[in-house]
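Asks:
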Amino acid sequence: MFRLESISKTFSPGTPRQLTVLDNVNLEIEKGEFVILLGSNGAGKSTLLRIISGDIKPDSGRVLLNGVELTGLSPHERADYIYLINQLREKNLVSILTVLEAFALAMSRNKSFIHLINRRDWEKHVKTLLASLKQGLENHVNDQIWSLSGGEHQIITILIAAEMIRNSDRADSILLLDEHLAHLDPNSSKTVMALTSELVKQYALTTLMVTHHIQVASQYGDRVLVLKDGAIKYDVKNKNGEGKPLQHLSDIIS
Ligand SMILES: Nc1ncnc2c1ncn2[C@@H]1O[C@H](COP(=O)(O)OP(=O)(O)O)[C@@H](O)[C@H]1O
Ligand SMILES: [Mg+2]
Numbered sequence: 001m002f003r004l005e006s007i008s009k010t011f012s013p014g015t016p017r018q019l020t021v022l023d024n025v026n027l028e029i030e031k032g033e034f035v036i037l038l039g040s041n042g043a044g045k046s047t048l049l050r051i052i053s054g055d056i057k058p059d060s061g062r063v064l065l066n067g068v069e070l071t072g073l074s075p076h077e078r079a080d081y082i083y084l085i086n087q088l089r090e091k092n093l094v095s096i097l098t099v100l101e102a103f104a105l106a107m108s109r110n111k112s113f114i115h116l117i118n119r120r121d122w123e124k125h126v127k128t129l130l131a132s133l134k135q136g137l138e139n140h141v142n143d144q145i146w147s148l149s150g151g152e153h154q155i156i157t158i159l160i161a162a163e164m165i166r167n168s169d170r171a172d173s174i175l176l177l178d179e180h181l182a183h184l185d186p187n188s189s190k191t192v193m194a195l196t197s198e199l200v201k202q203y204a205l206t207t208l209m210v211t212h213h214i215q216v217a218s219q220y221g222d223r224v225l226v227l228k229d230g231a232i233k234y235d236v237k238n239k240n241g242e243g244k245p246l247q248h249l250s251d252i253i254s
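The numbering used here numbers the first residue of the sequence shown as 1 and each following residue consecutively.
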C-alpha cells in the first residue's frame with residue numbers, strides 16, 4: 001500500500017509570488033493499481049510526483065510505502081522504491097548509451113542480478129524482452145538512445161523500469177509517469193499508451209500516471225483522479241476497463 005499523508009506545498013512563501021500548490025493532499029494506492037491523475041496546467045501534478053520521487057520536499061506530510069516512510073530517505077535509497085518517467089526524454093535515459101547499455105546500467109543497481117549472466121545471454125535476454133513488445137525494437141539493441149523515436153524511447157524507459165522493479169527485492173516499488181505521452185504524435189501516443197497499459201498489467205506495476213487526455217484516463221485507468229485547487233477533487237474507480245466516459249470532467253479540468 002502506497003500512501004500520501006497530509007501533503008502540503010507552498011512555493012515562495014512570504015513573498016508576493018506565494019502560491020499554495022498542494023493543500024493537505026491524502027491518497028492511498030493499492031499494490032498493482034493503475035491510477036491516472038488529471039488536472040489543468042499548473043494544477044500541481046508534477047509537484048505532487050516530484051514530492052513522491054523526493055526531488056521536492058513537502059512543507060508537511062509524509063510519503064509511505066508499506067509503512068516505510070520515504071520522506072527521510074536519501075535520493076539513492078529512494079531510487080529503489082520510486083521510478084519517475086518524465087515527458088522530456090533527455091531526463092529519462094542517457095542519450096549516448098546503446099539500448100543494451102541503458103538496460104545494463106539500470107540493472108547494475110542490482111548486483112546479484114548482473115553477475116549471473118554473460119554478455120551473450122544478456123543480449124539475448126534484452127532482445128527477448130524487446131521482441132515481446134512487437135515493435136521490432138529487438139533489432140535496435142546496439143543503436144544509441146538518441147537515434148530512437150520519442151515513442152520508442154519512452155516505451156523502452158518503461159520496460160527498463162519494469163524490469164528493475166521485477167528484479168529488485170522491492171516488489172512494492174511505484175512507477176510514476178509524468179505526461180510521458182506529451183511530446184508524441186497522435187499515432188505513437190496511442191501505441192505507447194497501449195504498451196504502457198500492457199506493461200503495467202504484465203508486471204503488476206503500482207502506477208501513478210499524469211495525462212491531459214480524459215479519454216486515455218477513462219480507457220486505461222483502474223482509477224481516475226482530478227487534482228484541482230490543491231486537492232484531489234475527484235476520485236473514481238474505473239475497474240474492469242468499463243471505459244465509462246468521463247467527459248463531464250472536462251469542466252473541472254479546464
Ligand atoms: N520550483 C518552483 N518554484 C515556484 N513555483 C513553482 C515551482 N515549481 C512549480 N511551480 C508552480 O507551481 C504550480 C504547479 O506546477 P506543476 O506542479 O508543474 O503543475 P502541473 O504539472 O500540474 O502543470 C505552477 O503554477 C508552477 O508555476
Ligand atoms: Mg506537469
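Glycine included, every Cβ here is placed at the ideal spot set by N, Cα and C.
So Gly151 is in the beta strand (DSSP E); what residue range does that whole segment cover?
Replies: No beta strand (DSSP E) holds Gly151; the alpha helix (DSSP H) holding it covers 150-167.
Asks: Does the separation of the CB atoms of Gln87 and His180 fall below 8 Å?
Replies: yes
Asks: Given a cut-off of 8 Å, decide if Leu22 and Leu38 are closer than it, judged by their beta-carbon atoms.
Replies: no
Asks: Contact between the stretch 135-152 and the stretch 175-194 is defined here as three or more beta-carbon pairs at a separation below 8 Å; is this criterion met?
Replies: yes
Asks: Under the three-state reduction of DSSP, which class applies to Arg78: helix, strand or coil?
Replies: helix
Asks: Can you tell me where the alpha helix (DSSP H) with Arg3 in it begins and where it stops?
Replies: From DSSP, Arg3 is part of no alpha helix (DSSP H) but of the beta strand (DSSP E) over 2-11.
Asks: What first and last residue would you give for the beta strand (DSSP E) that runs through Ala231?
Replies: 231-237
Asks: If you drop the 5 nearest sequence neighbours on each side, which residues of the same chain put their C-beta closer than 8 Å to that of Leu184?
Replies: Gly150, Gly151, Gln154, Val192
Asks: Any residue with its Cβ nearer than 6 Å to a heavy atom of ligand 1 should be included. What is that list in chain order?
Replies: Phe11, Ser12, Leu19, Val21, Gly39, Asn41, Gly42, Ala43, Gly44, Lys45, Ser46, Thr47
Asks: In its own chain, which residues sit with a C-beta less than 6 Å from the C-beta of Arg3, not counting the 5 before and 5 after it?
Replies: Glu28, Leu64
Asks: In chain order, what residues of the same chain lie with their CB nearer than 6 Å to the CB of Tyr220, ignoring the 5 residues before and after it?
Replies: Ser197
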